[in-house]
Structure formats: C-alpha cells, structure tokens
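Q: Please see the structure below; I have some questions.
Residue numbers (mature numbering (1 follows the signal peptide of the UniProt record, and there is no 0)): -23 to -1, 1 to 132.
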C-alpha cells in the first residue's frame, strides 16, 4: 500500500479479515471496520485523512473496546504509538471524542494527563500496556481510524 493509516470503531463482534489491496489485517464487526494505518501524521492531519477516507479517529467508550484494540495491536505486532480521537478542549480544558461521543471511560498511563497548555491530543501506547497519554497535537504518529459499512461491503 502506498498509504497505510489506522482507523478504529468499536464493534461488539470482531473477526480478522485480510484487506484486498494490502496484506495488512483489520477487524470487522457487523457495521464497523478497523484499519491499521502507519503513515506518521499530526493529530489534525490524521483526523482530516480519516474523515475523507473512512469515518473518524478511534473512540474508546469502554474497557471492552480497549481490550479489543489491544488484542488487534498485539496480533499484528504493532509497536507504534497511535493517535486516538480523544482531545482536550483548548479553552475549557475538558476532553472530548472527535466523533462527538461523550467521554465515559479513560485509560491514562501513570502521571497522565499532563500539561494542559501544550499536550492537547491523545496517543495509545502498545509499549505502555496500551495506556493513553497526552502529547502535542503536531507530533507525527500512526493512527487508529473507524469506518462504517453501509451495505456490508468492505472498504
């Protein structure tokens, strides 16, 4: 693939399916698909790319979804830090998901979240047991993206 990105939704039932254009796995549920995209992008670039190509950056609404994503990352032995859709509001300081879902679950690593003035975006780290940590949105990382299937066809 010329461009490999990471996109995640939280399906309840997942199975591994090889992609047609790349030999890189993703997980699919009844209506959601998880893509692994490795191209390093800033959080804003990742969000823009996801919305043009698929749907959105990953939202992790619960521990079950967190576990499913961690299982996928272990299975494909991905060690890169990954953008997820969690971001801190610039003025008010609260966190929100890029897809508009409320934040009801977090999986922060030790000492996180950190500096509220410079670390506004969130990464998931396979090397830190898939915990989350906040960083500057302009740093370049891989991403987790989500896509919705309308007719059961794979994107």
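The beta-carbon is built from N, C-alpha and C at its ideal position, and this holds for glycine as well.
(1) In angstroms with no decimal places, state the Cα-to-Cα distance between residue 89 and residue 111.
(2) Work out the CA separation of residue 38 and residue 68 for me, nearest whole Å.
(3) Have a look at 43, 23, 29 and 78 and flag the residue whose alpha-carbon is nearest the alpha-carbon of residue 101.
(4) Using 8 Å as the threshold, is the C-beta distance between residue 73 and residue 83 below it?
(5) Just grab the DSSP bridge partners of residue 59 for me.
(6) If you follow the beta strand (DSSP E) that residue 37 is in, where does it begin and where does it stop?
(7) Going by DSSP, what residue range makes up the alpha helix (DSSP H) through residue 136?
(8) Would you mind stating whether residue 116 and residue 109 have Cβ atoms separated by less than 8 Å?
(9) Using alpha carbons as the reference points, say which of 113, 48, 24 and 47 lies closest to residue 92.
(10) Please identify the residue among 118, 64, 50 and 63 whose C-alpha is closest to the C-alpha of residue 107.
(11) Leaving out five residues before and five after residue 52 in sequence, what residues of the same chain have Cβ atoms less than 6 Å from its Cβ?
(12) Please work out which residues of its chain come closer than 8 Å, Cβ to Cβ, to residue 17, disregarding the five sequence neighbours upstream and downstream, and give them in chain order.
A: A quick look at the data gives this:
(1) So the two alpha carbons sit approximately 7 Å from each other.
(2) As the crow flies, the alpha-carbon of residue 68 is around 23 Å from that of residue 38.
(3) Taking only the C-alpha atoms, the option nearest residue 101 is 43.
(4) At the C-beta level, residue 73 and residue 83 stay beyond 8 Å of one another.
(5) DSSP, once it has assigned bridges, lists 101 and 119 as partnering residue 59.
(6) From DSSP, residue 37 is part of no beta strand (DSSP E); its letter is neither H nor E.
(7) Outside the shown range of the chain, which is -23 to 132, sits residue 136, and nothing can be said about it.
(8) Using a Cβ distance threshold of 8 Å, residue 116 and residue 109 do not count as a contacting pair.
(9) Taking each of 113, 48, 24 and 47 in turn and checking the Cα distance to residue 92, the smallest one comes out for 113.
(10) Comparing C-alpha distances from residue 107 to each of 118, 64, 50 and 63 shows the shortest one belongs to 50.
(11) Taking residue 52 as the centre and dropping the five residues before and after it, the same chain places no C-beta closer than 6 Å to its C-beta.
(12) Short of 8 Å from the beta carbon of residue 17, and not among the five residues preceding or following it, lie these beta carbons of its own chain, in chain order: 117, 118 and 119.
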